[in-house]
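With our numbering, the residue at position 14 of the sequence shown is 23, and numbering never jumps.
Beta carbons: idealized from backbone N, C-alpha and C, even for Gly.
Remember, predicted model here, so these are calculated numbers, not experimental data.
See below for the structure under consideration.
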Amino acid sequence: MEALIFRCFRQLDRCAVWCGCYDGNDKSRRVQEKCGFCFHHTEYDQPTLLGDRRTEHFSYLTKEQWEAARA
């Protein structure tokens, strides 16, 4: 994930990166936290490509937060 974040901020010059995980996927949520992402919001009962509905949690990381953590 760190390589993807690096690409977003250094090569694509993005100001923030968003990611999400489904409710109950604690491992994915933990990886996001370890990479510095902050919880932003939850969307309930969202349709998926598989045809079911799930709750999804979204988090974000700004370029400034990422750079400060690397310093």
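**Message:** Measuring straight from C-alpha to C-alpha, what distance separates residue 16 and residue 54?
**Reply:** For this step, residue 16 is matched to residue 7 along the sequence shown. For this step, residue 54 is matched to residue 45 along the sequence shown. Rounded to whole angstroms, residue 16 to residue 54 spans 32 Å at the Cα level.
**Request:** Grab me the residues of residue 48's own chain with a C-beta within less than 7 Å of its C-beta, minus the 5 sequence neighbours each way, in chain order.
**Result:** For the purposes of this step, residue 48 is taken as the residue at position 39 of the sequence shown. Cβ within range, chain order: 66 and 68.
**Prompt:** Around the C-beta of residue 39, are 16 or more other C-beta atoms found within 10 angstroms, so that it is buried, or is it exposed?
**Reply:** Within the sequence shown, the letter at position 30 stands for residue 39. Exposed.
**Message:** Let me confirm a value: residue 20 is counted as buried when at least 16 other C-beta atoms fall within 10 Å, else exposed. Which label applies?
**Reply:** Along the sequence shown, one-based indexing puts residue 20 at 11. So residue 20 ends up on the exposed side.
**Request:** Give me the Cβ distance between residue 44 and residue 70, rounded to the nearest whole Å; I'm assuming they're in contact under 8 Å.
**Result:** On the sequence shown, position 35 is the one that residue 44 refers to. On the sequence shown, position 61 is the one that residue 70 refers to. Between residue 70 and residue 44 the Cβ distance is about 7 Å, and since that is below 8 Å, they are a contact.
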